[in-house]
Amino acid sequence: MFRPIFRVNFLIRKNFTIRNSSLILSNRWIGTSSAIKWNKSNNEQQSKSYQHHATFATLFRDSPYCQLGLPEEKIVIGEIVQIVDDDIYIDFGFKFLAVCRRPKQNSVLYARGAKVKVRINDLELSDRFLGSTQDMTLLEADVTLLGLHSSPIKIATPSLKSGTT
Numbered sequence: 000m001f002r003p004i005f006r007v008n009f010l011i012r013k014n015f016t017i018r019n020s021s022l023i024l025s026n027r028w029i030g031t032s033s034a035i036k037w038n039k040s041n042n043e044q045q046s047k048s049y050q051h052h053a054t055f056a057t058l059f060r061d062s063p064y065c066q067l068g069l070p071e072e073k074i075v076i077g078e079i080v081q082i083v084d085d086d087i088y089i090d091f092g093f094k095f096l097a098v099c100r101r102p103k104q105n106s107v108l109y110a111r112g113a114k115v116k117v118r119i120n121d122l123e124l125s126d127r128f129l130g131s132t133q134d135m136t137l138l139e140a141d142v143t144l145l146g147l148h149s150s151p152i153k154i155a156t157p158s159l160k161s162g163t164t
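96 is the number that numbering that gives the first Met the number 0 gives to position 97 of the sequence shown; each next residue is one higher, with no gaps.
Dropping the structure here:
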């Protein structure tokens, strides 16, 4: 039996439509029956994938960043990612890292990988410097270090031994 071969861009007709024709390469030659089979299987696969994936708006609305609200004055937990002299760089999940001074008390516990509590003051430090007409950013966030949440370093506490005399 003779099966006519059509160029893919000519497959869209009155009785025969391919819904997602942009997915088909326009320089590909296929027969009518294979195009119909391909179209049905492709639509089934796409409908299954659309059922499992939510829209971007839904994902964004349900994300923790949107549920947080305005981030200023919120207390969050961040992780120390870098230590330079007495400065600690804290990643708390936003665009820029925060830079704080390492506290004098228990400074050994503030090591790389330690979790700390911080209060967010501003997510981006930017201002007009030296009479400039444009804002300039420091690529840092402004936070206040509140304390240690957990540390990978454990301090050995002296245990009280019951002495026998």
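Note that beta-carbon positions come from the ideal geometry of N, C-alpha and C, so glycine has one too.
Check: Looking at C-beta atoms only, is the number of pairs between the segment 83–90 and the segment 61–70 that lie closer than 8 angstroms three or more?
Finding: no
Next item on the list: Check whether the Cβ atoms of F95 and I119 sit closer than 9 angstroms, and answer yes or no.
Entry: no
Next item on the list: Name the one or two DSSP bridge partners that D141 has.
Entry: D121
Note to self: Strictly by DSSP, which residues pair up with I74?
What the structure shows: R118
Item checked: Rounded separation between G112 and F55 - CA only -> 32 angstroms
Next item on the list: Classify I79 as buried or exposed, calling it buried when 16 or more other Cβ atoms lie within 10 Å of its own Cβ.
Entry: buried
Margin query: Measuring straight from C-alpha to C-alpha, what distance separates K103 and Y109?
Written below: 10 angstroms
Note to self: Tell me the DSSP secondary structure of G96 in three-state form.
What the structure shows: Before going on, a small fix: residue 96 reads as Leu here, not Gly. Residue state, collapsed to three classes: coil.
Checklist line | Close-in-space but distant-in-sequence residues of the same chain around Q81 (CB under 6 angstroms, 5 per side omitted) | finding: Y88
Check: DSSP puts I87 in a beta bridge; with which residues?
Finding: I82, C99
Notebook entry, point to check: Where do the ends of the alpha helix (DSSP H) carrying Y64 lie?
Noted result: 63–67
Notebook entry, point to check: Which one or two residues does DSSP pair with D134 in a beta bridge?
Noted result: DSSP lists no partner for D134.
Check: DSSP three-state call for S106: helix, strand or coil?
Finding: helix
Next item on the list: Count the other C-beta atoms from every protein chain shown that fall within 10 angstroms of the C-beta of A53, then say buried if there are 16 or more, exposed otherwise.
Entry: exposed
Notebook entry, point to check: Buried or exposed: which applies to V142, given that a residue is buried once 16 or more other Cβ atoms fall within 10 Å of its Cβ?
Noted result: buried
Next item on the list: Quick one: grab the DSSP three-state call for L58.
Entry: helix
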